[in-house]
Structures are given as structure tokens and as C-alpha cells.
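As C-alpha cells, the structure follows; a few thoughts come after it.
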Amino acid sequence: MAASESPPKTPTRPFVIAQHLRAPEDVAAYLSAALEEKDPAAFRRALGDVARAGRMSAVAEATGLGRESLYKALSQTGNPSLETVQRVVAALGFSLAVVPNGEAPADPG
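As numbered in my numbering, residues 2 to 110 make up the sequence shown, in order.
Written out as C-alpha cells, the structure reads:
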């Protein structure tokens with residue numbers, strides 16, 4: 002190869018997380034990690050990834066929400082209500098839980 006030639010490029014494909022979310026334990030770990038980010042957008046994106054992995058149309062049917070509405074709610078700019086989040090999580094076979102975080106609670110007074 003001459004000095005002016007570039008090495009051949011290795012073909013790459015985009016990483017699609019939905020292709021790797023097969024086992025319920027993997028999904029739960031992914032959603033939990035997104036929640037630990039303390040960034041609602043991160044959880045919304047993760048929930049959208051999981052819903053797409055589980056076929057959005059099936060999730061929409063199970064939640065009673067429109068497929069387009071779900072895509073919009075779980076998009077980068079979406080702002081799903083807590084009710085929508087709970088319905089999607091339940092349709093995927095999971096539940097949300099509140100657990101102590103080990104930090105001292107805020108003083109209410």
C-alpha cells in the first residue's frame with residue numbers, strides 16, 4: 002500500500018439495542034440502568050427501545066393506546082404521562098416499584 006492510500010475500511014452497522022433485549026432479565030436491567038441515570042429522557046428512550054423490541058403494535062394493543070401515540074410519547078421529544086409509562090411497563094410484563102435509596106430523606110419541616 003502506498004503512503005497516500007488509506008487502509009481499507011471495515012464495514013460497520015449501527016448498534017440497535019432492541020436486537021439484544023431478548024430475556025426479561027436483560028430488559029429489566031436495561032430499564033433499571035436507565036432509571037438510575039436520574040434523567041427522564043434516558044428512561045423514555047430505554048422504554049421506547051424495549052417497546053420497539055417487543056413490537057410496538059403489540060404494545061399499543063395491550064395498552065389500548067394508538068401505535069403512533071406511543072411512538073410520539075416515547076420519542077426524543079415525547080413527554081409520556083405516568084399513566085402511559087405504567088401501561089407500557091405493564092404491557093411489557095414488568096412493574097414499577099419504589100425502594101429506599103439509602104440516602105436520608107429530605108426534612109419536610
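Just so it is clear, CB atoms sit at the ideal spot from N, CA and C, and this is done for glycine as well.
These numbers were taken from a predicted model, which means no experiment stands behind them.
Euclidean distance between Cα positions of Ser5 and Pro25:
Those two C-alpha atoms are separated by around 51 Å.
Exposed or buried, what is Val99 when buried is set at 16 or more other beta-carbons lying within 10 Å of its beta-carbon?
Counting other Cβ atoms within 10 Å of its Cβ, Val99 stays below 16 and is therefore classed as exposed.
What does a CB cutoff of less than 7 Å around Arg56 pick up in its chain, not counting 5 residues either side in sequence?
There are no such residues.
Cα-Cα, which of Leu48, Pro12, Val17 and Asn102 is closest to Ala77?
What sits at residue 77 in the sequence shown is Gln, not Ala. Selected option, being the one with the closest Cα: Leu48.
Simplified DSSP state of Arg46, which is helix, strand or coil:
Arg46 falls in the helix class under three-state DSSP.
Counted within 10 angstroms of its Cβ, other Cβ atoms place Thr13 as buried (16 or more) or exposed
Thr13 counts as exposed, since fewer than 16 other beta carbons sit within 10 angstroms of its beta carbon.
Assigned exposure category for Phe44 - 16 Cβ within 10 Å defines buried:
It counts as buried.
With a threshold of 6 Å on Cβ separation, who are the neighbours of Val28 within its own chain once the five nearest residues in sequence on each side are excluded?
Leu22 and Val51, listed in sequence order.
Going by Cα to Cα distance, which pick from Thr11, Ala105, Ile18 and Ala59 is closest to Val89?
Closest option to Val89, Cα to Cα, is Ala59.
Using alpha carbons as the reference points, say which of Gly79, Ala92, Thr11 and Ala35 lies closest to Ala63.
Considering only alpha carbons, the answer is Ala92.
Helix, strand or coil at Pro41 [DSSP, three-state]:
For Pro41, the secondary structure class from DSSP, reduced to helix, strand or coil, is helix.
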